[in-house]
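So that you can map any letter, position 86 of the sequence shown is 86 in the UniProt record's numbering, and since no number is skipped, the others follow by simple counting.
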Amino acid sequence: MKKAPNDVTILSVAAVELALVVYLVGSIVRVIAGEPIAGEAWEFWGYLATAMLLPPAAVYWSILERTRWSNFVLAAVGVTALVMAARMNQIWY
Numbered sequence: 001m002k003k004a005p006n007d008v009t010i011l012s013v014a015a016v017e018l019a020l021v022v023y024l025v026g027s028i029v030r031v032i033a034g035e036p037i038a039g040e041a042w043e044f045w046g047y048l049a050t051a052m053l054l055p056p057a058a059v060y061w062s063i064l065e066r067t068r069w070s071n072f073v074l075a076a077v078g079v080t081a082l083v084m085a086a087r088m089n090q091i092w093y
């Protein structure tokens with residue numbers, strides 16, 4: 001991790017964003033199908049919107065700041081998205 005981010009690290013964050021898009025589509029389908037959110041709907045959608053904004057922001061930042069610390073930021077996005085997805089599941093059920 002002593003190098004600046006390369007294509008592999010940025011593609012891994014793109015995979016996280018793709019997973020979040022799938023989560024978004026699944027959530028929209030569930031709402032349209034009539035499945036209610038057990039918790040506050042604004043909280044769920046707020047978590048989802050924030051989680052979806054993090055990967056593009058991290059990639060943008062890592063391109064601007066091409067240091068080894070950018071790798072840590074990109075890695076943190078994956079962990080953060082996982083924690084936020086777990087919280088979204090708690091809110092939904």
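Each residue gets a CB set at the ideal place from its N, CA and C atoms; glycine is no exception.
Would you kindly report the start and end of the unbroken alpha helix (DSSP H) that includes residue i?
i, result
"I28", "7-32"
"I91", "69-92"
"P55", "41-64"
Going straight from the alpha carbon of residue i to that of residue j, what length do you get?
i, j, result
"D2", "Q90", "A small correction: the amino acid at residue 2 is Lys; Asp does not occupy that position in the sequence shown. Each residue's Cα considered, the two are about 37 Å apart."
"A86", "V79", "11 Å"
"W32", "G26", "The identity of residue 32 in the sequence shown is Ile, whereas the question assumes Trp. Computed Cα separation, rounded: 10 Å."
"L64", "V73", "13 Å"
"L54", "V77", "7 Å"
"D7", "Y23", "24 Å"
"E35", "T9", "36 Å"
Nearest CA to the CA of residue i: which residue from the options?
i, options, result
"A57", "M88, A38, A81", "A81"
"A59", "S70, A51, A49, T50", "First, the residue type needs correcting, since residue 59 is Val and not Ala in the sequence shown. Looking at the Cα atoms, S70 is the closest of the given residues."
"M88", "S62, R66, A75, A51", "A51"
"W92", "S62, R66, G46, A75", "G46"
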